Amino acid sequence: MYLRDDAQLFFGGDYNPEQWDEAVWKEDDELMRQARVNLATVGVFSWALLEPEEGRYDFAWLDAHLDRLHANRVAVDLATPTASPPPWFTLAHPDALPVGPDGTRLVHGSRDTYCLAAPAYRKAAVRIAGELAERYGKHPAVAMWHVHNEYATLCWCDHTAAAFREWLQERHGSLDALNDAWGTAFWSQRYGAWEQVLPPRATQWHKNPGQHLDFRRFWSDTVIAAYREQRDAIRAHSDRPVTTNLMLPGYQNLDLWAMGREVDLVAIDHYPDAPGFGAAADTAFAADRARSFAGGRPWLLMEQGTSTVYSSDQVLGKEPGEILRHTIGHIARGSEGALFFQWRQSRAGAETWHSAMVPHAGADSRIFREIQEVGEAVARLGEIKGSIVIADVAVLHDSDAWWAMEVDGLPSKELDYHGSLRRAHRALWEAGITVDFAHPENDLSRYRLVVAPALFLLSDAGAENLRDYVEGGGTLLVQHYSGVVDARLHARLGGYPALPLREALGIRVEEHRPLRRDEVIVLSDGTRATVWSESLRTEGETLVTYTHGMLAGKPAITRHRFGAGEGWYLSTRLDDSGYTALITRLAGSSGTPGLESVIRGNWRFLLNHGTEPIVLPEPGPDLLTGTTVGELPAGGCAVLKQGRTL
Ligand code: GAL
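The numbering of the sequence shown is the numbering used here, which starts it at 375 and goes up by one.
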């Protein structure tokens, strides 16, 4: 990837000089040097300045900033500004404004106010992307392209309806096939003409589940098509890598596996949703997902909050040292650097209170001093650039399964796809295991353990693949309510889960029995469980049984030897300690509690998340400090050279 000094990791952030004046730009140049910034994302929300009227462009101001940054040895990640169309656009094309499921059409005055299915928006977006690429495609400052910003907006308007129908025709081929897939024989929903088919707008009661799932798939394809148009317009003029910043980890408006294949470099934004230890776990979760969507290749942390974390309705401050730990946490798991949102804290506008590398208080502040230290640390890690992380345990993730669990009418509202994934990852993280995410239909043979925490929807191909994985010698843990519907959301008949997977697990689930809200049951080994229980039979080994009601004495956790491997089934939701114990039993533990340890290439990254110093089993020379480290202080990080090569 292009950067003037290729042996550097990226360090910097979103830079919005258009919010400031010349005196501040001068100070920016100086402070960027002090913080060792080498990459700035420019232009993300600058459409109104770049194209003040339809078809009239003003690039002079951007020319000046790119030249200035280049002279200051800061490379540019140049954004297309399409996440925020200017007011003139919406007045000229009101039909391109997004419409909610209830028919409310939104107005401009915020950002992300467009419909990706509206032809006028798509045309205008490709046009401005092409203009920028033509002008700056070979500009020496431009290191990469940043298409759009966090593709997120959904829309239910008439343009969307027309595009959805086209997509459905392509996918299903005929109305009969669509009626069959969506099960429209129920509730008199049968469609007799394509014009009758709508996006899943507000309905009187439960929506059709197939319609919901297909709409999610359609929208993901729409986002990817919109991205591709801009990417291709850029590629016509520039050979620099093109990417878009994915919103992670909690948003799921597109199939991130598919998007990962479209970008030259996977880039994510990460804003932890809890302080302290929770933020550290969430950092590892986001980073492991990013690396997985990148196919194991290095990726880039495009945005992180500088000094704050979100927690419910509050924005809490990071503790001293936490900016460095989050940064190192991402780099350890494959990021080619660390960028922040944003360089300088805005003085006005909707995100005045969002933290930045240069806070309102200015450079004479704890935050900027920490940013300088982090910049120093990242600069010392240049030699790890391009090296990879290898994991031998995987957690299964599938967008279809996530979207499927959003449908109305499931037996319990406490089933939680994303929460289940995070929980599995966290238990493994706490055990010190480095984890990949994997798609259920991909080759899993390199993993010694695969955990399927929430595969409600499992395709036929996925079920076969999981069976083959176990038969070939893998250990698979499948959790409750998995494999119960196929790719069309039709229930599996004859017992759950899907037959090929049942063979590997040696079970047949007959009945789902959700627990009452707040009900806690105790299993035969004393573990507590909530949310869910199942009535199942096993031809394998019953490890733990239920002790309550009609399930008393029946299997709760089972193990089955199949081929050269083992299929484990967990039919309830264990409490945290029980779940961690089960995961640790399966995965082992390489951990010292509170010490995060990840191998990337030839280096071992160590992060002490605890409150006490930790004596390291093997002292070694630390890339961050240049000294030999034998003990890691509370909150400290080290990057030690390893003897082995990957
Ligand atoms: C990101 C977004 C940025 C900024 C940041 C802080 O999700 O891409 O533009 O809004 O959040 O809230």
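Note that the Cβ used here is the ideal one computed from N, Cα and C, for glycine as well. Please read these numbers as outputs of a predicted model, since none were measured by experiment.
Which one or two residues does DSSP pair with residue i in a beta bridge?
{"i": "A1012", "result": "L980"}
{"i": "G386", "result": "L413 and L713"}
{"i": "T1022", "result": "Because the chain here runs from 375 to 1020, residue 1022 falls outside it and cannot be looked at."}
{"i": "H644", "result": "L622 and Q678"}
{"i": "I895", "result": "A903"}
{"i": "D370", "result": "No statement about residue 370 is possible, as the shown extent of the chain runs from 375 to 1020 and does not include it."}
{"i": "V521", "result": "Paired residue(s): none; V521 is not in a bridge."}
{"i": "A551", "result": "DSSP lists no partner for A551."}
{"i": "H886", "result": "E908"}
{"i": "R935", "result": "E940"}
{"i": "T617", "result": "H520"}
Buried or exposed: residue i, going by 16 or more other Cβ atoms within 10 Å of its Cβ?
{"i": "L1020", "result": "Low per-residue confidence applies at L1020: pLDDT is 34, beneath 50, and the placement is therefore not dependable, though the value from the model is reported in the following sentence. That one is exposed."}
{"i": "Q585", "result": "buried"}
{"i": "Y376", "result": "Its pLDDT being 46, under 50, Y376 is placed unreliably in this model, and the coordinates cannot settle the point."}
{"i": "L383", "result": "buried"}
{"i": "D388", "result": "buried"}
{"i": "S484", "result": "exposed"}
{"i": "F560", "result": "exposed"}
{"i": "G848", "result": "buried"}
{"i": "E884", "result": "exposed"}
{"i": "K692", "result": "buried"}
{"i": "G939", "result": "buried"}
{"i": "R591", "result": "buried"}
{"i": "V1067", "result": "The displayed coordinates of the chain run from 375 to 1020. Any statement about residue 1067 would go beyond what the structure contains."}
{"i": "W727", "result": "exposed"}
{"i": "L465", "result": "exposed"}
{"i": "M1036", "result": "Because the chain here runs from 375 to 1020, residue 1036 falls outside it and cannot be looked at."}
{"i": "F659", "result": "buried"}
{"i": "R680", "result": "The sequence as given places Thr at residue 680; Arg does not occur at that position. By the 10 Å Cβ count, T680 comes out buried."}
{"i": "M924", "result": "exposed"}
Under three-state DSSP, which class holds residue i?
{"i": "S951", "result": "helix"}
{"i": "P995", "result": "strand"}
{"i": "T1001", "result": "coil"}
{"i": "Q578", "result": "coil"}
{"i": "R822", "result": "coil"}
{"i": "V398", "result": "helix"}
{"i": "D380", "result": "coil"}
{"i": "H467", "result": "coil"}
{"i": "T534", "result": "helix"}
{"i": "E693", "result": "coil"}
{"i": "F659", "result": "helix"}
{"i": "M375", "result": "Confidence at M375 is low in this model, with a pLDDT of 46, below 50, so its placement is unreliable and no value can be given for it."}
{"i": "F667", "result": "helix"}
{"i": "S761", "result": "coil"}
{"i": "T487", "result": "coil"}
{"i": "T592", "result": "The sequence given here has Phe at residue 592, not Thr. In the structure shown, F592 sits in a helix (DSSP, three-state: H, G or I)."}
{"i": "E427", "result": "strand"}
{"i": "T916", "result": "strand"}
{"i": "R841", "result": "helix"}
{"i": "G652", "result": "helix"}
{"i": "P391", "result": "helix"}
{"i": "E780", "result": "coil"}
{"i": "Y870", "result": "strand"}
{"i": "E877", "result": "helix"}
{"i": "P461", "result": "helix"}
{"i": "L850", "result": "strand"}
{"i": "G793", "result": "helix"}
{"i": "P583", "result": "helix"}
{"i": "L1006", "result": "strand"}
{"i": "E508", "result": "helix"}
Consider the C-beta atom of residue i and the heavy atoms of the ligand FAD; say whether any pair is separated by less than 7 Å.
{"i": "E885", "result": "Among the ligands in the structure shown, the ligand FAD does not appear; only the ligand GAL can be found there."}
Stretch-stretch touch, CB-based, cutoff 8 Å, three pairs: the segment 946 to 962 with the segment 848 to 867: yes
Inter-stretch contact (C-beta, 8 Å, three-pair minimum) for the segment 668 to 677 and the segment 691 to 709: yes
Stretch-stretch touch, CB-based, cutoff 8 Å, three pairs: the segment 449 to 460 with the segment 517 to 534: yes
Three-pair Cβ contact test at 8 Å for the segment 549 to 559 versus the segment 469 to 487: no
Stretch-stretch touch, CB-based, cutoff 8 Å, three pairs: the segment 979 to 993 with the segment 1001 to 1010: yes
Contact between the segment 734 to 749 and the segment 425 to 445 (3+ Cβ pairs under 8 Å): no
Inter-stretch contact at 8 Å, needing at least 3 Cβ pairs: the segment 741 to 753 / the segment 953 to 964: no
Touching by the beta-carbon criterion (3+ pairs, under 8 Å), the segment 815 to 832 and the segment 682 to 690: no
Segment contact, 8 Å Cβ cut-off, at least three pairs: the segment 867 to 874 with the segment 956 to 975: no
Cβ pair count under 8 Å reaching 3, the segment 606 to 614 against the segment 501 to 513: yes
Sufficient close CB pairs (3 or more, under 8 Å) joining the segment 521 to 533 to the segment 487 to 503: yes
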